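Some notes on the structure that comes next.
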Amino acid sequence: MDASKPTIKANCQATGTFLRPTDKCCSAAVMAADAETESMKNYHIALEKVDPEAGRFPYCIVWTPIPVLTWLLPFIGHMGICTSGGIIRDFAGPYFVSVSHTWKVNRAKRGFPFMYWILDVSKVYASGSNAWDTAVRDASEEYKHRMHNLCCDNCHSHVAMALNLMRYGNSTSWNMVKLCLLTFIHGRHVSCVGFLKTWLPFMMLMGVVLTVALALNLR
12 MDASKPTIKA
22 NCQATGTFLR
32 PTDKCCSAAV
42 MAADAETESM
52 KNYHIALEKV
62 DPEAGRFPYC
72 IVWTPIPVLT
82 WLLPFIGHMG
92 ICTSGGIIRD
102 FAGPYFVSVS
112 HTWKVNRAKR
122 GFPFMYWILD
132 VSKVYASGSN
142 AWDTAVRDAS
152 EEYKHRMHNL
162 CCDNCHSHVA
172 MALNLMRYGN
182 STSWNMVKLC
192 LLTFIHGRHV
202 SCVGFLKTWL
212 PFMMLMGVVL
222 TVALALNLR
């Protein structure tokens, strides 16, 4: 994929179209290629800074299962968003938004988080780490004054507000459902143990249900 990007620019230059402002097709192709290159660069920079053992996940959305609830519905869990320095902020209860370093020991024992999704800071509307951190801080301050509601105003809502404030991906329509789906599509498990703790209980329950159903049908 990377090898094709210089080709796009080279083809435009070879035909003389790249230098003509009127040629929107070639200039758009080059801009798209440059944007993708920048996005991949930011991704790899953030990935290098991620340190699960130290509990640092810069520019990430983090997720961990909720016992029993996640066993039944694996896409439902607890979610937080991290600052540019990798500090986790999550709406952990009524009028309380936690900071990762204050819970460092407890979180390490619980394995928080189990999964993380690295976001691209260049997709923040104002660009840069300052805009990212400001949005995370403002969302956290707002949720310090809110009651926690498991169904409609929870940890996912806190993360969604932060993304909406920074207009991540030029969007202000982030919500619980969108975050649930995209985190599972783009997320990476911290370890194999994290993967098993997320999916094994659900698979065991499904195995029991299928076994019982099969046994009843064979009677």
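Counting the sequence shown from 1 gives a position; the numbering used here is that position plus 11. Think of the CB as a built atom: it goes at the ideal place given N, C-alpha and C, for glycine as much as any other residue. Just so we're clear, the structure is a prediction, and the values are computed from it rather than from any experiment.
Checklist entry - In three-state terms, what does DSSP make of residue 127? => result strand
Item to check | Closest by C-alpha distance to residue 62, when choosing among 124, 81, 79 and 105 | outcome: That would be 124, whose Cα lies nearest to the Cα of residue 62.
Next on the checklist: On a Cα-Cα basis, can you pick out the residue from 128, 154 and 137 that is closest to residue 110?
Outcome noted: 154
Checklist entry - Skipping 5 residues on each side, what residues in its chain have a beta carbon closer than 7 Å to that of residue 172? => result 150 and 153
Checklist entry - Less than 7 Å between the CB of residue 156 and some heavy atom of the ligand MG, yes or no? => result This structure does not include the ligand MG; it has no bound ligands of any sort.
Item to check | residue 226 versus residue 191: straight-line alpha-carbon distance, rounded | outcome: 34 Å
Next on the checklist: Please classify residue 42 as buried or exposed, where buried requires at least 16 other C-beta atoms within 10 Å of its C-beta.
Outcome noted: In this predicted model, residue 42 has a pLDDT of only 48, less than 50, meaning its place in the structure is not dependable; the value taken from the coordinates is given anyway. Exposed, by the Cβ-count rule.
Checklist entry - How would you call residue 127, buried or exposed, if buried means at least 16 neighbouring beta carbons within 10 angstroms? => result Buried, because 16 or more other Cβ atoms sit within 10 Å of the Cβ of residue 127.
Next on the checklist: I want to know whether the stretch 87-96 touches the stretch 158-177 - three or more CB-CB distances under 8 Å.
Outcome noted: Judged by Cβ distances under 8 Å, the stretch 87-96 makes contact with the stretch 158-177, as three or more pairs qualify.
Item to check | Cβ shell of residue 181 (< 7 Å), same chain only, five flanking positions each side left out | outcome: Result list for residue 181: 136, in chain order.
Next on the checklist: If you reduce the DSSP assignment to three classes, tell me which class residue 184 lands in.
Outcome noted: coil
Item to check | Supposed close pair residue 102, residue 159 - CB separation, criterion 8 Å | outcome: Confirmed, about 7 Å.
Checklist entry - Should residue 115 be labelled buried (16 or more other beta-carbon atoms within 10 Å of its own) or exposed? => result Legend: pLDDT at residue 115 = 45, less than 50; position of this residue unreliable, no value from coordinates given.
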